[in-house]
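Enquirer: One line per chain: the protein sequences are A and B, in this order. If you're matching positions, the first sequence starts at 1 in the numbering used here and goes up one per residue. If you're matching positions, the second sequence starts at 300 in the numbering used here and goes up one per residue. Even glycine gets a Cβ: it sits at the ideal position worked out from N, Cα and C.
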Amino acid sequence: MKKTVPLILGMVFGAYALAEFYLPHHAVAGLSDELRSWAAILSAAAFILGGLNILQVTWPKIRRREDDWGYKVVLLGGAAVMLAVGLPWHKLGDPPRAPTVARTAGGAGPGATVIVTVPDDVTYTVGTVVGPGTGAPIAIAVEPGPVAIKLSKRLAGYRPLTTTVDVAAGDTVTVGGEPPILWGRDGRVFTWIYDHVFGPANATMFSLLAFFVASAAFRAFRARSIEAALLLTAAIIMLIGRAPFGGAISSVFPDLAQWLLDVPQNGGRRAIMMGAAIGAIATGLRVIVGIERSHLGSE
Amino acid sequence: MSARLVVALVVALVGAQVGAAAAQPGAGSAVVVPIDELSPLGPPPAQPAPPAPPAPAPAAAPILAGVTDVQVVAPANDDGRHLDVSFTRAADVAAEVATVIVRRRHGTPGAPPRYPPLVADGAWAPSFAGPTPPPLAALAAGVTIGPWTVAAVLVGGETSFTDQVAPGHDYEYVVAEVLLDHGVPVAASAAEAIGPRRPEAALVHTGRLGYLAIVALIASLIAWYVRRARTAKDLYIRSLPGVEAIEDAVGRSTEMGRPVLYVTGLEDIQNIQTIASLLVLGHVAEKTATYDTDLTVANYYPLTMVVAEEVVRQGYANAGRPDAHRPERCLFITAEQFAFAAGVSGIILRDRPATNIYLGCFYGESLLLAETGFVTGAVQIAGTAELTQLPFFITACDYTLIGEELYAASAYLTKEPTLLANLKAADAFKIVAMVFIVVSVIAATGGWFDLGGKVFP
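1. Report the three-state DSSP secondary structure of A:Q56 (helix, strand or coil).
2. Just to make sure I have the definition right: I need the residues of chain A whose C-beta is within less than 7 Å of the C-beta of B:P466. Which are they?
3. Using a Cβ-Cβ cutoff of 9 Å, what residues of the segment 470-491 of chain B are near chain A? List them in chain order.
4. Bridge partners of B:Y600, per DSSP?
5. So which residues of chain A does B:L565 contact, with C-beta pairs closer than 9 Å?
6. In chain order, what residues of the same chain have a beta carbon less than 6 Å from the beta carbon of A:G10, not counting five sequence neighbours either side?
7. In angstroms with no decimal places, state the Cα-to-Cα distance between B:T461 and B:S739.
8. Using alpha carbons as the reference points, say which of B:G672, B:R403 and B:Y662 lies closest to B:Y472.
9. What would DSSP say about A:G279, mapped onto helix, strand or coil?
10. Do you know how far the Cα of B:D480 is from the Cα of B:P349?
11. Could you check what DSSP says for B:F755 in three-state terms: helix, strand or coil?
12. So for B:N655, helix, strand or coil by DSSP?
13. Taking buried to mean at least 16 other C-beta atoms within 10 Å of its own C-beta, is A:I288 buried or exposed?
14. Please report the straight-line C-alpha distance between B:D591 and A:A235, rounded to a whole angstrom.
15. So B:F427 and B:L438 are supposed to be a Cβ contact under 8 Å. How far apart are they, rounded?
16. Going by C-alpha to C-alpha distance, which of A:D94, A:G145 and A:E178 sits closest to A:F133?
17. Pull out every residue of the segment 45-68 of chain A whose Cβ sits closer than 7 Å to any Cβ of chain B, in chain order.
18. Starting from B:T398, follow its DSSP beta bridges and name the residues at the other end.
19. By the 8 Å beta-carbon criterion, what residues does the segment 506-518 of chain B contribute toward chain A?
20. Using 8 Å as the threshold, is the C-beta distance between A:S294 and B:G581 below it?
21. I'd like to know if A:F13 contacts chain B, where contact means its C-beta is closer than 8 Å to some C-beta of that chain.
22. Kindly list, in the order they appear in chain A, the residues whose Cβ is closer than 7 Å to that of B:E627.
23. Measure the beta-carbon distance from A:A79 to A:I48 and round it to whole angstroms, keeping in mind my assumption that it falls under 8 Å.
24. Would you mind stating whether B:A766 and B:G619 have Cβ atoms separated by less than 8 Å?
25. Cβ atoms of A:I140 and A:V122: under 8 Å apart, would you say?
26. Report the three-state DSSP secondary structure of B:P558 (helix, strand or coil).
27. From B:V605 to B:P756, what does the alpha carbon distance come to, in whole angstroms?
28. Is it true that the CB of B:A695 sits closer than 8 Å to the CB of B:E664?
29. Find the residues of chain A that neighbour B:F631, judging by a C-beta separation of less than 7 Å, and give them in chain order.
30. DSSP on B:L435, reduced to helix/strand/coil?
31. Hey, A:G111 and A:A169: beta-carbon distance below 8 Å or not?
32. In three-state DSSP terms, what is B:T633?
33. What are the boundary residues of the alpha helix (DSSP H) that includes B:E704?
34. Could you tell me which residues DSSP puts in a beta bridge with A:D166?
35. As a quick exercise: from A:A40, A:F21 and A:E66, pick the residue whose alpha carbon is nearest that of B:R649.
36. Looking at the structure shown, is B:Q613 part of a helix, part of a strand, or coil, going by DSSP?
Structure follows, in structure tokens:
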């Protein structure tokens, strides 16, 4: 029973997933969407387990002051900070959504004026006029009628203030305000940490790849066997053929490099792809039909 | 030529044709309508011909001639949510003329083949508009005009469109040419109507039967070899050195008193490479449990971690040592690629595992992991079907399972005849595929027939 139920479930859903590819009917697609939603819910719930796992693994190491326990503190601290700033705290309060607007009627002239007073890190949009704030009042002439006004920070993570003011001829409208900070995934702090801490750290790891490629290539290109010698020869031809000076020496090098890519490399690549595809089909089938049961354990 | 000039020219040209169109209503499809002269439902009234333009080009006459030969059909192998609309435009339609396709549900059989123009007198024609029509400038796909919905506004000269509709309903379509002035319709041709048409859901995707044949053939071969394996005494399987090295590597870890590190790749549980990796993990866990060696499993996704933990638990149970299982050694690292690489590299450098096994789907971090493992002197066994990462693994690891070998590893480790039969079936199918390729190449090169194109349309 312990094995049978998971086996039957695996067979049913596996067979359905296989059949779905050949059944274009919308009813099938609807059921598939439903199953995918379940999978997404499961996947999201698993992230909670993942967080608990991190806590379960790192906290005892911190408590026992094991080697490099300081890194664990950074890990948990970083996770706690990102969790804290990733929550949409701004929804708890009622931050402004529109700028402050004061209207003075009765001026002369056919037009109207909008006076914007915003800090220098705020960009104002009055009708079709866009400009940076200076901290001082800025007068903008507008036509009578509805005028769309928007105040936004040039940095990400703030909520723009928007409103539409119906101005009459001779009106003077004074506009002010500062876009409030947002929290959560699109919030200022989250975005700042992502851009200024995670992004550079990620790029650093990626850039290390260049050095690892160099050291790995150095090892691989030592001609200690016939296969390694072939690899070395192909690599040299590719290096010369792809570098500008290769073509300057002789057009044979670029042509030879291209031939290596198009013929031997492509042939081998396709062979691996086809083998992998056949292996994937065979693996899928043996799991679906229940031949492969090692993941279910013994009775 | 500016758009306004074009509008003026078209209105003038259209006006010249109204008289003829009124005299012969329904003759031909060139009922052209200036916005000021349209009648909502009936044929346009006869008007005195305006003065001819200075130099009317003969080809400019059918600018708002409307479309012809409108067809609405359900696409082949469809899921029942689409209808293909196609039509023919006049040869010399101005660039400012767009084709507007509108539809409504429950078209009436026998509906008139042609409606009055969509736009009349600077507004939507009453037969389309309904009580609260949107402004003309709102013309865009998805906008509702009375009972009609704009399916598409084709501005690039397209003559076909695949419309997405709700299944199980009849739809009536109207297609018309509309002259746009800065996106605002100012004149329209007569509207060609067609319908009702109902989308049709195919039961089987006939274009994919070739792939189904492959699966069926492999399944048949598996069944045949499984039956044969039950009677045959021994089933020869080519050796897989990378798989055979797993037991030796675990033994080495035991001798050195250092753990085994297992990385399940960077894809989620539904990826077949991850599944293959988890199948092998069960065997590795059984081996480490038998040898009483620590096993650390690093996972990219939490769901993979949950399954991996269960697989390891089962492996320890299979070895008769469920008490030795330590769930905290199945780690969720992170779901960010290079943060994962940094985390696993940290484990490699701190714990110094004697064996690193990387099986599953890997990307750019593969060399970071393998080179770090190389620095620590660990025995490294890798396997992936990702072509771009194979050279990195081959360079930096002691053994590499290439493509299909990753999928074969689990069956190879069990040595069970039924599972080995699966490998035999895959090998047999490769022979079939090779024969197919050779025959197809010869046939196509000789110009006799395109076998590949027929099987995989």
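Expert: This is what the structure holds:
1. Three-state DSSP puts A:Q56 in a helix.
2. Around B:P466, the beta-carbon contacts reaching into chain A at under 7 Å are H26.
3. Per Cβ criterion, the list is empty.
4. Checking the DSSP bridge columns, you'll see B:Y600 has no partner listed.
5. The contacting residues do not exist; B:L565 stays about 14 Å from chain A at best.
6. So no residue of the chain qualifies.
7. Near 34 Å, if we compare the C-alpha coordinates of B:S739 and B:T461.
8. The closest CA to that of B:Y472, considering only B:G672, B:R403 and B:Y662, is found on B:R403.
9. Helix, per DSSP.
10. Here B:P349 scores only 48 on pLDDT, less than 50, and its place in the model is too uncertain to base an answer on.
11. If DSSP states are grouped into helix, strand and coil, B:F755 belongs with coil.
12. Note: B:N655 maps to strand in three-state DSSP.
13. Under the 10 Å beta carbon count, A:I288 is surrounded by 16 or more other beta carbons and is classified as buried.
14. The straight-line gap from Cα to Cα measures roughly 44 Å.
15. That pair is no contact at about 12 Å.
16. The identity of residue 133 of chain A in the sequence shown is Gly, whereas the question assumes Phe. Checked all of A:D94, A:G145 and A:E178; the closest Cα to A:G133 is A:E178.
17. Those residues of the segment 45-68 of chain A that come within reach of chain B (Cβ to Cβ, closer than 7 Å) are A46, F47, L49, G50, N53, I54, Q56, V57, D67 and D68.
18. According to DSSP, which records beta bridges pairwise, B:T398 is partnered with B:L453 and B:E476.
19. When C-beta distances to chain A are compared with 8 Å, the residues of the segment 506-518 of chain B below that value are R507, L508, Y510, L511, I513, V514, I517 and A518, in chain order.
20. In this structure, B:G581 lies closer than 8 Å to A:S294 by Cβ.
21. So no, A:F13 is outside the interface.
22. By Cβ distance, chain A contributes Q56 and V57.
23. At roughly 13 Å, the Cβ-Cβ gap does not stay under 8 Å, so A:A79 and A:I48 are not in contact.
24. Given a span of 300 to 756 for chain B in the structure shown, any question on residue 766 of chain B remains unanswerable.
25. No; because the gap between Cβ atoms is not below 8 Å, this pair is not in contact.
26. Coil.
27. About 41 Å.
28. It is not a contact, given that the beta carbons lie outside the stated cut-off.
29. Going along chain A in sequence order, the residues near B:F631 (Cβ under 7 Å) are G50, N53 and I54.
30. Of the three classes helix, strand and coil, the one that applies to B:L435 here is helix, per DSSP.
31. Taking the C-beta atoms as reference points, A:A169 is found nearer than 8 Å to A:G111.
32. When secondary structure is reduced to three states using DSSP, B:T633 falls in the coil class, being assigned neither helix nor strand.
33. If you look at B:E704, you'll find it in the alpha helix (DSSP H) that goes E703 to T713.
34. Answer by DSSP bridge pairing, in chain order: A:P146.
35. The candidate whose alpha carbon is nearest that of B:R649 is A:E66.
36. Correct three-state label for B:Q613: helix.
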